[in-house]
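Only one structure is covered here, and it is reproduced in the block below.
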Amino acid sequence: MLSITSVSKTFFPGTVNERRALVDVDLEMAEGDFVTVIGSNGAGKSTLLNTVAGRIIQDDGVVALDGKDVSRLKEHQRAARVGRVFQDPMAGTAPNLTIEENLSLADRRGKMRGLARGVTKAKRERFAEALTQLELGLEKRLKTKVGLLSGGQRQALSLLMATYSDPRVLLLDEHTAALDPQRAELVTRLTRSVVEEKGLTTLMVTHNMVQALEVGNRLIMMHEGRIILDVDAERKSQMTPEDLLAEFGKLKGAVVDDKTMLQ
Amino acid sequence: MITALELGLIYAIMALGVYLTFRILNFPDLTVDGSFTSGAATAAILITNGVNPFLATAAAFVVGCLAGLITGLLHTKGNINGLLAGILTMIGLYSINLRIMGGANVPLLGQDTMISALRSVAGVGWTSVLVLAAVAVIFKLVMDWYLHTDNGLALQATGDNEQMIRSFAVSTDRQKITGLMLSNGLVGISGAVVAQHQGFADIGMGIGLILVGLASVIVGQAIFGTRTVFQATLAVVLGAVIYRLAIQLALNVGLNPNDMKLMSAVLVVAALLLPQWKASPSSPAVARGAQR
Ligand SMILES: Nc1ncnc2c1ncn2[C@@H]1O[C@H](COP(=O)(O)OP(=O)(O)OP(=O)(O)O)[C@@H](O)[C@H]1O
Ligand SMILES: [Mg+2]
């Protein structure tokens, strides 16, 4: 479904600032796979997601979606089939547009955007119903500008929007990291239920070891641009956060930063 | 007074164009100085060659769109800074406008124009003001409608959060080009009607026009608010009229017409700075909002 083959990316090659962000990375994901990605700072996690999204073009290797090489497609072209939620809760929504207008933008993913009315009565009803699942009361605030919502509300809305029109692949890059624990919990719960309900093929980066083990059916650990550990569902269910930390401990130069939470 | 109102309403169409780029797309587009004259030149030369003035004005829209297209391509495909892209098109248009007119000036005296048609029905007075107000309101309503279509919402989002709307499969390049074309098309129409109103097209008529547009948008929105698109576009139209009245007032009290450009510049600076002073230092968001 999503296959990443021998993908490499080096920033500022041949200079003193050279950074090998991805080194010969291979990753094969089956339909409906939910892979959590962990790794120290600078391991290349975001770069990996960005090469799938087309935000960064790899130097070498192939990114294929549904068996077709998408390496040449621009970011907005790939976005017809790739949904994203960013770390920054402000990044995934348009603040000066209303909740219903934002949803209508998400609704048109991959479709023609012509001169039909953006928000109709029928759509409004669909949007309100979808918003009810968030249990934040947003269905009653359809005409509120998104910029007036809290970070947690915006991130929950971003998640709903990213998954609304059933993308083939969902990319989540530390999308709960900027939220307080309660909101992070909510967004994690929403993530699990929407991914399960829609059977979305998902890549989720997290610094939270507990979350990385609890969520998804597969876990990969990255270090210095390589995937150094690939854990399947069965082994993952038996692992503890301590086991993961031990894996980190084996690495030369890996610093477990204070974002890494163990609770 | 009547003339100032009439001109204000005609310039309102230009101000709506500036609103589209400056506020919606968050793109300070200097093309307008050139595209305004292009619209005027195109319409004037067509009218003197016997073309129906309504068709001539429609042609001015097309020419304005082309000017916007060039700026849009320079910016998005050529990766040229937006301000510079606008300046490049504007300067280039100066020569093109001279070519279109075949000189620095095209008189329209004695020609059948949209304004002469208006005069034959409504004369000069409140009726003619009303007709032009209706025209400005129609443009405003069409823009309100467009901004709420799927395409218009994508345009708004492009100015609001580019990263987000790209992640929903919108080509922000294409949206920017669309916005710049529509904006300069409106500016071209406005230039065409102004030429017909004053009875000539002139190579210098667009100089400093961006300031008139910005002043109309900023002053209008400061007074009448921007809560919804409907309100914001109304504010732009009213802002253009107020600006024209203010200029008229300044002239009436004996200010030198040559000082008008300086006046416009000071007015825009004041409108940009005042909201920042009003805001307390603890709310930097307000100051940032004023710059948008
Ligand atoms: N746009 C860029 N330009 C230059 N270097 C970059 C860029 N993006 C990433 N890098 C570099 O590539 C390496 C991998 O970065 P990446 O952002 O993928 O790490 P990460 O695993 O997401 O880390 P974090 O946990 O801090 O988010 C780092 O050394 C980083 O400095
Ligand atoms: Mg990262």
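For the protein sequence lines, the chains are A and B, in the order given.
Under the numbering used here, the letters of the first sequence match residues 1157 to 1419, in that order.
Under the numbering used here, the letters of the second sequence match residues -8 to 283, in that order.
Every residue gets a Cβ at the ideal spot worked out from N, C-alpha and C, and that includes glycine.
Contact set for residue i: own chain, Cβ-Cβ below 7 Å, skip 5 residues either direction
i	result
Glu1403 (chain A)	Met1377, Leu1385
Asp1414 (chain A)	Low per-residue confidence applies at Asp1414 (chain A): pLDDT is 48, beneath 50, and the placement is therefore not dependable enough to give any value.
Thr67 (chain B)	Asp164, Lys167, Ile168
Phe45 (chain B)	Met105
Asp1244 (chain A)	Ala1334
Cβ pair residue i, residue j closer than 9 Å
i	j	result
Leu1204 (chain A)	Leu1359 (chain A)	yes
Thr118 (chain B)	Val112 (chain B)	yes
Gly69 (chain B)	Met172 (chain B)	no
Val1302 (chain A)	Asn1373 (chain A)	no
Ala6 (chain B)	Gly230 (chain B)	yes
Ala51 (chain B)	Leu1261 (chain A)	no
Gly25 (chain B)	Met92 (chain B)	no
Ile4 (chain B)	Ile180 (chain B)	yes
Gly77 (chain B)	Leu177 (chain B)	no
Ile1160 (chain A)	Leu1375 (chain A)	no
Leu1315 (chain A)	Leu1346 (chain A)	yes
Ala262 (chain B)	Ala206 (chain B)	yes
Ala95 (chain B)	Asp250 (chain B)	no
Thr48 (chain B)	Val184 (chain B)	yes
Leu64 (chain B)	Gly150 (chain B)	no
Leu1271 (chain A)	Asp141 (chain B)	yes
Neighbour flag for residue i against chain A, beta carbons, 9 Å
i	result
Met155 (chain B)	yes
Asn175 (chain B)	no
Thr12 (chain B)	no
Ser39 (chain B)	As written in the sequence, residue 39 (chain B) is Thr, which differs from the Ser given in the question. No, no contact with chain A.
Thr163 (chain B)	yes
Ser274 (chain B)	For Ser274 (chain B), the predicted model reports a pLDDT of 46, less than 50, meaning its position is unreliable; a value from the coordinates is still stated below. It does not; no Cβ of chain A falls within 9 Å.
Own chain, CB closer than 8 Å to residue i, minus 5 neighbours either side, in chain order
i	result
Leu74 (chain B)	Pro19, Leu21
Leu109 (chain B)	Ser119, Val122, Leu123
Leu0 (chain B)	Val120, Leu123, Ala124, Val126, Ala127, Val228, Ala231, Val232
Proximal residues of chain D, C-beta to C-beta of residue i below 9 Å
i	result
His139 (chain B)	No chain D appears in this structure, whose protein chains are A and B.
Within chain B, the residues that residue i reaches when beta carbons sit closer than 7 Å
i	result
Leu1261 (chain A)	Leu144, Ala145, Ala148, Ile156, Phe159
Glu1231 (chain A)	Arg157
Secondary structure of residue i, DSSP reduced to three states
i	result
Lys1224 (chain A)	strand
Lys1301 (chain A)	strand
Ile1212 (chain A)	coil
Pro1397 (chain A)	helix
Lys131 (chain B)	helix
Phe191 (chain B)	strand
Gly1239 (chain A)	strand
Thr22 (chain B)	coil
Thr1171 (chain A)	coil
Ser158 (chain B)	coil
Met92 (chain B)	helix
Pro98 (chain B)	strand
Proximal chain B residues relative to residue i, where beta-carbon distance stays under 8 Å
i	result
Thr1249 (chain A)	Asn152, Met155
Gly1266 (chain A)	Ala160
Ala1236 (chain A)	Ala160
Gly1270 (chain A)	Thr140, Asp141, Asn142
Arg1240 (chain A)	Ser158
Any non-hydrogen atom of ligand 3 within 8 Å of residue i CB
i	result
Ser1202 (chain A)	Questions concerning ligand 3 fall outside what the structure shown contains, since the ligands it does hold are ligand 1 and ligand 2.
Cβ of residue i within 9 Å of any chain B Cβ
i	result
Asp1414 (chain A)	Model confidence at Asp1414 (chain A) stands at a pLDDT of 48, short of 50, so the residue's coordinates are unreliable; what they give is reported in the following sentence. Output row for Asp1414 (chain A): interface = no.
Glu1330 (chain A)	no
His1363 (chain A)	no
Asn1206 (chain A)	no
Phe1168 (chain A)	no
Arg1324 (chain A)	no
Gly1308 (chain A)	no
Phe1404 (chain A)	no
Leu1253 (chain A)	yes
Ala1318 (chain A)	yes
Ala1209 (chain A)	yes
Met1153 (chain A)	Nothing can be reported for residue 1153 (chain A), as the shown portion of chain A is limited to 1157 through 1419.
Gln1419 (chain A)	Since pLDDT at Gln1419 (chain A) reaches only 41, below the 50 mark, its modelled position is unreliable, and no value is offered.
Contacting residues, own chain, Cβ-Cβ under 6 Å from residue i (five flanking each side not counted)
i	result
Arg1382 (chain A)	Val1179
Leu(-4) (chain B)	Val120
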